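Visitor:
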Amino acid sequence: DAKTTQPTSMDCAEGRAANLPCNHSTISGNEYVYWYRQIHSQGPQYIIHGLKNNETNEMASLIITEDRKSSTLILPHATLRDTAVYYCIVRDKGGDAGGTSYGKLTFGQGTILTVHP
Amino acid sequence: DVKVTQSSRYLVKRTGEKVFLECVQDMDHENMFWYRQDPGLGLRLIYFSYDVKMKEKGDIPEGYSVSREKKERFSLILESASTNQTSMYLCASSFVGMDRGQYEQYFGPGTRLTVT
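Chains B and F, in that order, give the protein sequences. The opening position of the first sequence corresponds to residue 1 in our numbering, with each subsequent residue numbered one higher. The opening position of the second sequence corresponds to residue 1001 in our numbering, with each subsequent residue numbered one higher.
1) Output needed for SER71(B): all residues of its chain with C-beta closer than 8 Å, excluding positions within five of it in sequence on either side, in chain order.
2) For ILE39(B), count the other beta carbons within 10 Å of its own beta carbon; 16 or more makes it buried, fewer makes it exposed. Which is it?
3) So, SER1082(F) versus ARG1036(F), is the Cβ gap smaller than 8 Å?
4) Taking the straight line between their C-alpha atoms, what separation do you get for ASP1059(F) and VAL1012(F)?
5) Along the segment 1082-1094 of chain F, where does the CB come closer than 9 Å to a CB of chain B? Name the residues.
6) Could you check the C-alpha separation between TYR1089(F) and GLU1104(F) for me, to the nearest Å?
7) Leaving out five residues before and five after ASN57(B) in sequence, what residues of the same chain have Cβ atoms less than 7 Å from its Cβ?
8) Do the CB positions of ASN1031(F) and SER1007(F) come within less than 8 Å of each other?
9) Helix or strand or just coil, what does DSSP make of ARG1073(F)?
Pasting the structure below:
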């Protein structure tokens, strides 16, 4: 799985958009970008994933650059409850999508996002 | 909503005890995983299971075993607990798509185990 690089920490004001960057310059063609977050003392929570196109769901948007070497997770209107560690993970899906992954997730250190009033 | 539950949030055991951690998911997922999380080390995969009675070792299986007798339940067993197994244990599940690809994982709340 490709390695990712994220800032150690970020701050965001409540109600503003939080933009969390992730570099994955060694990503290969069949690898997806996944985002998870972990609120203190809870299990990680899946947020969103994508391959090439930008993606949006009820939680966030994912913007992937054209060369796929970096991506940005956007929380459009951050709330205090969004304070968490955010993990960017790159991995293949395995199966017919190619690759050899059996589903293991490798979490790096992530970005500590603090949303303040 | 997918729900993954773990039998205990906090557990304190003595060195040498046999410890069972239970995980149940209600979404008929094929895959189930056990991770441990330690400060500075991130999540590390202990074991996973892709079907009933099937299991595969992860990155750190030593000192652990698992059991999956029913699709919805995956148990982690510490045969003889040691202090270096004090950790947060996280269970996860995911489904396998029609393309046999591995999809997003859903995690339980975690069990914080202390071995004294």
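Virtual Cβ for every residue (Gly too), placed ideally from N, Cα, C. Every value quoted in this text rests on a predicted model; they were computed, and no experiment measured them.
Guide: Once the coordinates are examined:
1) PRO21, CYS22, HIS24, VAL33, GLY50, LEU62, ILE63, ILE64, THR65, CYS88
2) Exposed: under 16 other Cβ atoms inside 10 Å.
3) In this structure, SER1082(F) sits away from ARG1036(F), with a CB-CB distance that is not shorter than 8 Å.
4) 25 Å
5) MET1088, LEU1090, CYS1091, ALA1092, SER1094
6) If you take the alpha carbons of TYR1089(F) and GLU1104(F), they lie about 19 Å apart.
7) ILE48
8) no
9) strand
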